[in-house]
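Taking the working numbering, the leading residue of the sequence shown gets 16, the next gets one more, and so forth.
Every residue, glycine too, gets a C-beta built ideally from N, C-alpha and C.
Here's the structure we're looking at; comments come further down.
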Amino acid sequence: MNQLLSTKLFVPKTRPELVSRTRLLEQLNDGLHRKLTLISAPAGFGKTTLTSEWVEKCERPVAWLSLDKEDSNLTRFLSYLVTAIQTVLADVGNDVLFDLQSPQSPSTVSILTALLNDIATISCDFYLVLDDYHVIDAKPIDDAIAFLLEHLPPQMHLVITTREDPNLPLARLRAQGQMTEIRVADLRFNHSEAAGFYNQVMGLNLSEENIAALETRTEGWIAGLQLAALSMRGSKNAASFIE
16 MNQLLSTKLF
26 VPKTRPELVS
36 RTRLLEQLND
46 GLHRKLTLIS
56 APAGFGKTTL
66 TSEWVEKCER
76 PVAWLSLDKE
86 DSNLTRFLSY
96 LVTAIQTVLA
106 DVGNDVLFDL
116 QSPQSPSTVS
126 ILTALLNDIA
136 TISCDFYLVL
146 DDYHVIDAKP
156 IDDAIAFLLE
166 HLPPQMHLVI
176 TTREDPNLPL
186 ARLRAQGQMT
196 EIRVADLRFN
206 HSEAAGFYNQ
216 VMGLNLSEEN
226 IAALETRTEG
236 WIAGLQLAAL
246 SMRGSKNAAS
256 FIE
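Written out as structure tokens, the structure is:
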């Protein structure tokens, strides 16, 4: 198998101009007793930024895997998944990686069973983030994650960020109370967050009225707020620009 790219396992650094999403961080922390946290929204809503901030402030070990379309190969995906876990649990999954590199690899269920049994022996809690899961287009991988969630040991919690809902048993997890969901309505900047972004981070000193207008016109879309702020930096009359 091709060599794995280690930078896919790095947690993206938070930007210095970050507006802390305190209410969402609390929501993430409150859901850690469940199996899955799903952060699902279109591009530009700050899913990865939020998750990076949460990881930075998290008191438990967090493994990170940034996905791309090449990871739709099952063996490659599982190899990355195990390697990501090993960044926080070095002794977990060694035999699994060996089996994945074998010309005649065992079945996916056998591989995942061995991995889950390894995880079940550890004493500490940890979390695994799969970032940009929407790039995955492979039913065998969806099936593998579904199996993982079905049999997840209490020591592990899975976080998935995605632009669209994955083909996983979400309805069942929701009904069982085993899923925390953060969606567009949650990720939109509220008035207080928009004000903090424009006046504290960007230094624009906008009026409450102007902030409210921008919040309404962008519908709290973070990318839209940023584009407006960059445009206003070069404008002599912010109020006219907003109008």
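Worksheet item: Any chance the stretch 49-60 sits against the stretch 167-181, with 3 or more Cβ pairs inside 8 Å?
Response: yes
Worksheet entry | Under the three-state DSSP convention, the category Ala159 falls into | Translated into positions along the sequence shown, residue 159 becomes position 144. It is helical.
Fill in: Integer-rounded CB distance, given that Ala78 should sit under 8 Å from Ile100
Position 85 of the sequence shown, counted from the start, is the residue given in the question as residue 100. Position 63 of the sequence shown, counted from the start, is the residue given in the question as residue 78. The C-beta distance from Ile100 to Ala78 rounds to 5 Å, short enough to meet the 8 Å contact threshold.
Discussion item. Would Gln170 and Asp140 be called neighbours here (beta carbons separated by less than 7 Å)?
Written reply: On the sequence shown, position 155 is the one that residue 170 refers to. On the sequence shown, position 125 is the one that residue 140 refers to. Result yes, Cβ atoms of Gln170 and Asp140 sit closer than 7 Å.
Practice prompt. Report yes or no: do the stretch 84-92 and the stretch 192-201 share at least 3 C-beta pairs separated by less than 8 Å?
Written response: Between the stretch 84-92 and the stretch 192-201 there are fewer than three inter-stretch CB-CB distances shorter than 8 Å, so the stretches are not counted as touching.
Worksheet item: According to the Cβ coordinates, are Leu104 and Trp69 closer than 7 Å?
Response: Counting from 1 along the sequence shown, the entry for residue 104 is found at position 89. Counting from 1 along the sequence shown, the entry for residue 69 is found at position 54. Not a contact, by the Cβ cut-off of 7 Å.
Worksheet item: Using DSSP with H/G/I as helix, E/B as strand and the rest coil, what is Leu143?
Response: Taking the first residue of the sequence shown as 1, we reach residue 143 at position 128. Three-state result, Leu143: strand.
Worksheet entry | Distance CB(Val26)-CB(Ser81) smaller than 7 Å | Numbered from its first residue, the sequence shown carries residue 26 at position 11. Numbered from its first residue, the sequence shown carries residue 81 at position 66. No, the pair does not count as a contact, with Cβ atoms beyond the cut-off.
Worksheet item: Taking the alpha-carbon positions, what's the Gly235 to Asp152 distance?
Response: Along the sequence shown, one-based indexing puts residue 235 at 220. Along the sequence shown, one-based indexing puts residue 152 at 137. Each residue's alpha carbon lies about 30 Å from the other.
Worksheet item: For Ser122, which of helix, strand or coil comes out of DSSP?
Response: Against the sequence shown, residue 122 aligns to sequence position 107. Correct three-state label for Ser122: coil.
Discussion item. Please give the ranges of any beta strand (DSSP E) in the stretch 188-229, keeping only runs that are unbroken, at least 3 residues long and fully inside the region.
Written reply: 194-197
Discussion item. In this structure, how does DSSP classify Ser81 when only helix, strand and coil are distinguished?
Written reply: By one-based count along the sequence shown, residue 81 stands at place 66. Three-state DSSP puts Ser81 in a strand.
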